[in-house]
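This report concerns only the one structure given below.
Residue numbers (the UniProt record's numbering): 1 to 243.
Okay, here's the thing in structure tokens:
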């Protein structure tokens, strides 16, 4: 049975020539969109490897890119500038994800003012939410970032298997509730430090030894801070934990 009355070429494109002639613009736009997606994704993967960007940040960048793709606002724009701007947007949500001005300029291969200009355009056109006044962050806000970065740090560690098993078995909401309970006893404690101490606390309770320095560096606090918070937790509760 013939699907088309005309002879098909052997190239990967099986679109009938009659349709190509009838809808040349639509076909050309479709091919441009496909090529753009490939180009963006390849560069985004390169950026992730070069600057060690967490996977959850990359996923949010991809979602924003898809939104811009559907809005037809990418035409004529540098893919490097767009990726740098989206990375800037997403990183603003996560205090532990530090993307410096110099890094953004290297990724975009342009001046930071162009990134800010495109960012304002996205806000003005409603593609991203306008910045809201900052509110005090809770320890729970830092938990996903810290656990994700611990997994990345332990790629070659002998403790990797145990720690990953711990993160998979311990529900995030349990860590969240624990950090909230601990914060009631430790008013004024840095939320990122309390999040780090909560993770370290549960690792030790389950018999997993992980150097305090690793967690402290990821949370951007000192090991002394983690140690102090752990002691305050044990002093304020009935839990005894040897550090």
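For glycine and all other residues, C-beta sits at the position ideal for the given N, C-alpha and C.
Compute the Euclidean distance between the alpha carbons of residue i and residue j, then round it to the nearest angstrom.
i	j	result
residue 194	residue 77	42 Å
residue 97	residue 71	28 Å
residue 54	residue 121	26 Å
residue 188	residue 226	14 Å
residue 81	residue 59	18 Å
residue 222	residue 74	43 Å
residue 199	residue 184	17 Å
residue 203	residue 41	36 Å
residue 217	residue 102	22 Å
residue 86	residue 113	14 Å
residue 237	residue 177	15 Å
residue 219	residue 117	31 Å
residue 182	residue 173	14 Å
residue 127	residue 165	38 Å
residue 161	residue 100	32 Å
residue 142	residue 207	23 Å
Between which residues of its own chain and residue i is the CB-CB distance below 6 Å, once the five residues before and five after are set aside?
i	result
residue 137	191
residue 167	147
Using three-state DSSP, classify residue i as helix, strand or coil.
i	result
residue 232	helix
residue 170	coil
residue 210	coil
residue 128	coil
residue 94	coil
residue 73	coil
residue 109	coil
residue 205	helix
residue 221	coil
residue 63	helix
residue 82	helix
residue 192	helix
residue 54	coil
residue 117	helix
residue 164	helix
residue 29	Reliability of the predicted coordinates at residue 29 is poor, the pLDDT of 49 falling under 50, and the value obtained from them is presented with this limitation in mind. If DSSP states are grouped into helix, strand and coil, residue 29 belongs with the helices.
residue 122	helix
residue 184	helix
residue 138	coil
residue 99	coil
Measuring CB to CB, does residue i end up less than 9 Å from residue j?
i	j	result
residue 170	residue 201	no
residue 144	residue 56	yes
residue 115	residue 105	yes
residue 68	residue 90	no
residue 84	residue 45	no
residue 107	residue 163	no
residue 119	residue 88	yes
residue 154	residue 214	yes
On the criterion of 16 or more Cβ atoms from any shown chain inside 10 Å, does residue i qualify as buried, or is it exposed?
i	result
residue 212	buried
residue 149	buried
residue 38	exposed
residue 205	exposed
residue 140	buried
residue 224	exposed
The ligand ADP heavy atoms versus the CB of residue i: any closer than 8 Å?
i	result
residue 169	The ligand content of the structure shown is nil, which means the ligand ADP is not present either.
Between which residues of its own chain and residue i is the CB-CB distance below 7 Å, once the five residues before and five after are set aside?
i	result
residue 229	186, 189, 193, 194, 197
Beta-carbon within less than 8 Å of residue i's beta-carbon, same chain only, minus the 5 sequence neighbours each way: which residues are those?
i	result
residue 79	36, 39, 40, 43
residue 179	138, 139, 140, 143, 194, 195, 198
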